Structures are given as structure tokens and as C-alpha cells.
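All remarks here apply to the structure that follows.
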Amino acid sequence: MLITDDFLPVPVPESLTATYLVPMVGLPRVGTKSAVAAVADRLAEPVRGLAQQMLDGPLMSVETRSIAEFPQLPPDLLSAFGATEAQLARLAEASHLVVVQAQYRPGWPPAHEWAARAVAAAIAESVDGDVVDVFGLQFLDPATALRSLPDEQGRVRLVDWVLVPYSSDAEGLWFTTKGLRRFGLLELQTQGVPDHLTRAWGAVMTGAARRLLRDWTEGLAGAEVPAFVQLPVLATVTGHDIAVAYGNPEQHGATAPVLLRLELDPATDPEADSFLSLRPPPGHSGPDGRYFAAACATLFAGIQPDVRYTRPGDAMTKAIATARAGLADARARFLAGDLPAETQLVVKYGLPGDEGPEFVWAGVTSWDSPERIVGASASDAHSDPGVRIGATVVVAADDVVDWAVLGATGVLEGGWTQAVLDSGDRPTP
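Everything in the sequence shown is counted per numbering that gives the first Met the number 0, starting at 0 for the first residue and increasing by one.
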């Protein structure tokens, strides 16, 4: 194997195992094959064929055991990964677990995961129960589990298979992925992410996971499983990667790619996990968090910073009026937590400059007073050296000329002034 500074050799496991549980009171009411047949019309190929073949072969086992034979599943972690009170209550009442396990070689398709999840979902549906994904410590209702499987074109949403949890420490946020090991790849991590990038960097991590998983499976495409796959040390991530990972390829914008450097972070404890760390590329000076903020500004380019105009035209005047009319409602939804999940509220405001006002965006972090918004700058301002990416800014609500709700694929709501600028209807100076 050729080792160069451009590639990072990542070890490949010999085989992979998927494990799913179906808690229930009593024993299953129907046989496994009958349960799978009942949902066969909702399974696209190749999943339908894989599930049936693995059930008939040695690569899958389905066993019903007393729940007393198993260690207790941690309810606090299950709750942290989305378990409802009703799901936890059904688990507590269960007397038995149906254990579905499948093994397969690393590569694409991940037959072990697809087949095991399909069979577990079929069994759970036959008893009006739940599926527990042991790898992700997640509850899945049968319908959600079935929807997460490939469609007729073989497409899946990576967010249904890879989670991005995070925690806070003295240096900022620590992000990891949880799910790439399903495919044999090491999990990703990023440390020192600024607090205001919680949602945005989670999306970037998901996009990076999609790009690296594609490189990984291409390296496993041969007839023999290699001992190592060489991943590029400099990985590129685009808005398209993020959009595809979230299942919205038609919504991606034409964003410039960002570079992330891949580093192997081996575990010193044999029981702990090793990671692939995402870092700024060589040549970046300053804290890592500054680069991460700039990367987010590039990837979510539907919000353009540093927009200047001096004499608004009719279209721009109308756009500003529309934005201001909805500002109070945007604040109310922000405070009530009613904005869509995994989104960020941003506002656009003016800074005085020698050539006229400079308009920049900031992510809203708090808005206790109607007149005063506290946020984190989404860009470096030319006219004010104190306004830098990630810096805390205080914005008077009267200075706001636009607002928007940003999701993983760009602007979901608002951004009226940007729409005018993007349309080419720019005001005449």
C-alpha cells in the first residue's frame, strides 16, 4: 500500500454486525417470515431480496429471549437520543425481546443494516411495538424504520443512519458522529466549535460524513476487502453534500466547497473509540473556531454578508418593509422555541461606513428585550474592525432590515432583501 502525505490509511474491519431489538409483552404473534411478507410491498429492492435471503441463510439470526437475560438499556441515553415517555414505558413493561442480528462485509450496500432493520420493523409492526437500534441507542417506530430504508432508486437519507451529538467544554463545542461505524468507517469529531454554530456545524458534519462515506465505499468496491482504505487528507464539503445527506438534493445551492483536514486520533484506551478529526486546512492562522465559522458562512451562502446599497429601489424598499412587518412574530417564535428543528434565526442590520451603510448578518443567540438583539456575527465587517466572524454583537431592532430562518440547505424562510439582490434587481446608486 502506498502511503503519502495526501492520503490517510484507515483500517477496515473484517466484518460488521447490526443488532436491533423489538421489546414485547409475551411471545411474537406471527412468524418472522410472515411478518416480513406483510410489509414486502413497502420494501424496495434490493432490501426486500436481501432481507429474504439473509433470513434463509447463516448471516442473520432472529431469536426471542426473556428480557431478564439482557442488561438494562440505559433510559437516560435513550431519552437523550429521542425516546418518548410512551416508548420507555413500553420497554419497562416488556417481558421479552426479539433480537435481530445480521453480519456482512464492509462496503456498499450495507446489507447487514438494511436487512436487519427491515426485519425488525416488520416484527415490531406485527405486535404494534417499537424497534430499538442498539448501535444508535435509538427508538424507531416501525413506519419510521421502514421509511429510512432505500427507495426504488436506492437513495437513503444519511441523517436516518448517522447522528451528530455534541457537548460543551472550555474550548467550545465538541461534535462527534454516531453511525459511521455501521459502515466500518471511524466516527468523525470536531473540537473547539463556537457555541453559535450548533445547528450549522451539525449540518457540516453530516455533509462531511456523506462525502467521506462515499470515498470509503469506493475504496471497498473490489472483490476482496482491503486491510486499509486511503482517505484524502484534505476533504472537500459542499452544500450539495449537506443537501443530499438530508434527503433534499434538489434544494442545494451552488456553494463554493470548503476544505477540512482529516487527522487520525487513535484512542489510548483499548475500550475507547478512535476518531477521524476534522481540522482547518494547512495555512490557516488563528483559532480553529474562526475557520469553522467562515466555512459555515461559505456553505450557507444563501445569506450573503457585506451587502451595500445607498439608495433603495422599489423592490428593496418593499423587501425591507416585509421583513420588518414580520420581525415581532419571528421574535415570538424564537422565544417560544417554535422555529423548525435544526434551524437558526439570523438578522441583517446596517453598520455606518464611508461609502454608505454596510449590511451584515448575525445569528440570534438571545432576544430578551424587543428593542435589543444579542447575536454572533456571521461575517467580518469592512467598516467595523470589532465585528468579526463569531464575535458577539448587540443589534438594535430598529436597525434590522431583514431576517431569515436558516436550515441545513440554506434559507427556509425570510431573506427578502437577499432575494432582491440575487434576482439582479439591484438599486441604482
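We put the CB at the ideal spot given by N, CA and C, even for glycine.
Just so it is clear, the structure is predicted and the values come from calculations on it, not from any experiment.
query	result
Are at least three pairs of beta-carbons, each pair with one atom in the stretch 203-215 and one in the stretch 80-96, less than 8 Å apart?	no
How is Q51 classed by DSSP in three states: helix, strand or coil?	helix
Should G414 go down as buried or exposed, given a rule of 16 or more other Cβ atoms within 10 Å for buried?	buried
Anyone know if the C-beta pair for A117 and Q100 falls short of 8 Å?	no
Does the stretch 163-173 come close enough to the stretch 258-274 to have 3 or more Cβ pairs within less than 8 Å?	no
Measure the C-alpha to C-alpha separation of P384 and A396 and round it to an integer number of angstroms.	22 Å
DSSP state of H95, grouped into three classes?	strand
Just list the residues that DSSP pairs L261 with in beta bridges.	L277
With a cut-off of 8 Å, do at least 3 Cβ pairs link the stretch 61-75 to the stretch 89-109?	yes
DSSP three-state call for F174: helix, strand or coil?	strand
Using the Cα positions of S365 and I372, report the straight-line distance between them to the nearest angstrom.	6 Å
Assuming F333 is part of the alpha helix (DSSP H), what are its boundary residues?	326-335
Using 8 Å as the threshold, is the stretch 135-144 in touch with the stretch 230-244, meaning 3 or more CB pairs across them?	no
Just reading off the beta strand (DSSP E) that D401 is part of, what are its end residues?	399-406
What are the boundary residues of the beta strand (DSSP E) that R28 is part of?	Here R28 belongs to no beta strand (DSSP E), and DSSP marks it neither H nor E.
Does the separation of the CB atoms of P27 and V97 fall below 8 Å?	yes
For the alpha helix (DSSP H) that L217 lies in, which residues bound it at each end?	The residue you asked about is not Leu; residue 217 is Glu in the sequence shown. Run containing E217: 197-218, per the alpha helix (DSSP H) assignment.
Considering only residues of the stretch 78-130, which uninterrupted alpha helix (DSSP H) runs meet the minimum length of 4 residues and lie entirely inside it, listed in chain order?	84-92, 110-125
By how many angstroms is the C-alpha of E112 removed from the C-alpha of L326?	46 Å
What would DSSP say about D132, mapped onto helix, strand or coil?	strand
On a Cα-Cα basis, can you pick out the residue from L42, G178, A67 that is closest to T143?	L42
Could you give the DSSP three-state label for L58: helix, strand or coil?	coil
May I ask you to verify whether the stretch 355-362 touches the stretch 276-283, counting CB pairs closer than 8 Å and requiring at least 3?	no
L185 lies in the beta strand (DSSP E); which residues open and close that run?	No beta strand (DSSP E) holds L185; DSSP gives it neither H nor E.
Could you check if Q433 is buried or exposed, using at least 16 other CB atoms within 10 Å of its CB as the buried criterion?	Residue 433 cannot be examined here, being either before or after the span of the chain that is shown, 0 to 428.
Mind checking S378: buried by the 16 CB within 10 Å criterion, or exposed?	buried
Let's see if you can read the secondary structure: which residues bound the beta strand (DSSP E) around R371?	371-376
Per DSSP, what are the beta-bridge partners of E412 in this structure?	V404
Rounded to whole angstroms, how far is the Cβ of Q51 from the Cβ of V35, which I believe are closer than 8 Å?	7 Å
When DSSP labels each residue in this structure, what does Q229 get in the three-state scheme?	strand
Using the Cβ count rule (16 or more neighbours within 10 Å means buried), how would you classify V25?	The sequence shown places Gly at residue 25, rather than the Val named in the question. Its Cβ having fewer than 16 others within 10 Å, G25 is exposed.
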